[in-house]
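>
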Amino acid sequence: MRNDTRLSRMLHVLIHMSRHERPATSDSIAQMLNTNPVVIRRTMALLKEKGYVRSEKGHRGGWSLAKPLADITLLDIHEALGSASIFAIGLSTDHPECLVEQAVNAALTEAFDAAQALLLSRLESVTLEQLASDFGQRYLNL
Numbered sequence: 310m311r312n313d314t315r316l317s318r319m320l321h322v323l324i325h326m327s328r329h330e331r332p333a334t335s336d337s338i339a340q341m342l343n344t345n346p347v348v349i350r351r352t353m354a355l356l357k358e359k360g361y362v363r364s365e366k367g368h369r370g371g372w373s374l375a376k377p378l379a380d381i382t383l384l385d386i387h388e389a390l391g392s393a394s395i396f397a398i399g400l401s402t403d404h405p406e407c408l409v410e411q412a413v414n415a416a417l418t419e420a421f422d423a424a425q426a427l428l429l430s431r432l433e434s435v436t437l438e439q440l441a442s443d444f445g446q447r448y449l450n451l
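Going by the working numbering, the sequence shown opens with residue 310, and the numbers climb by one from there.
1) Check for me: the beta strand (DSSP E) holding Val-413 runs from which residue to which?
2) In the DSSP output, what is Leu-374 paired with across the bridge?
3) Pick helix, strand or coil for Thr-382, following the three-state DSSP scheme.
4) In angstroms, rounded to a whole number, what distance separates the CA positions of Pro-332 and Ala-389?
5) Starting from Ala-333, follow its DSSP beta bridges and name the residues at the other end.
6) Report the three-state DSSP secondary structure of Asp-403 (helix, strand or coil).
7) When the Cα atoms are used, what is the spatial distance from Ala-412 to Thr-382?
8) DSSP on Ser-442, reduced to helix/strand/coil?
9) Quick one: what does DSSP say Ala-397 is sitting in, helix, strand or coil?
10) Considering only the beta carbon of each residue, do Ala-441 and Ile-338 sit closer than 7 Å?
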């Protein structure tokens, strides 16, 4: 099963967009991510619905940030993209009457819920400004 890389890729794009004075076109973003501009437009539309980016049509148009990076968290973008399942691990429901399966599923559910809560809390505590700052430090240390 392939990993869902939309969150990572969109965070990447948003940090790049913050560094440019001109809007980024769907074509230029697609080229950066090695994907199709239609995929970019669909994905960016999700971010636009939540007010994180805006689009301008026509010559010199494209996508730009609608909020400062400091006002956007990783969780904001995760949720805007549709909150994909965090874990690829699933529960077995082949024998719901089996007490062993019930015990296993209860333990796994508890562990998954705790891990997801921790991850979502961490995503909420990190802003895109912090990512951009980390990038800046890495760039200076080259």
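Beta carbons: idealized from backbone N, C-alpha and C, even for Gly.
Short version:
1) Numbered from 1 along the sequence shown, position 104 holds the residue referred to as residue 413. Element bounds for Val-413: not the beta strand (DSSP E) but the alpha helix (DSSP H), 408 to 434.
2) Position 65 of the sequence shown holds residue 374. For Leu-374, which the question treats as bridged, DSSP gives the partners Val-362.
3) Here the question's residue 382 lines up with position 73 in the sequence shown. The DSSP-derived three-state label of Thr-382 is strand.
4) Locating residue 332 in the sequence shown gives position 23, counting from the first residue. Locating residue 389 in the sequence shown gives position 80, counting from the first residue. The straight-line gap from Cα to Cα measures roughly 20 Å.
5) The sequence position of residue 333 within the sequence shown is 24, counting from 1. DSSP output for Ala-333 lists Trp-372 as bridge partner(s).
6) Within the sequence shown, residue 403 is the residue found at index 94, counting from 1. Coil.
7) Position 103 of the sequence shown, counted from the first residue, corresponds to residue 412. Position 73 of the sequence shown, counted from the first residue, corresponds to residue 382. So the alpha carbons of these two residues sit roughly 36 Å apart.
8) For the purposes of this step, residue 442 is taken as residue 133 along the sequence shown, with counting starting at 1. The three-state reading of DSSP puts Ser-442 in helix, counting H, G and I together.
9) Position 88 of the sequence shown, counting from 1, holds the residue named residue 397. Coil, per DSSP.
10) Along the sequence shown, read from residue 1 onward, the residue named residue 441 stands at position 132. Along the sequence shown, read from residue 1 onward, the residue named residue 338 stands at position 29. No, Cβ-Cβ distance for Ala-441 and Ile-338 is not below 7 Å.
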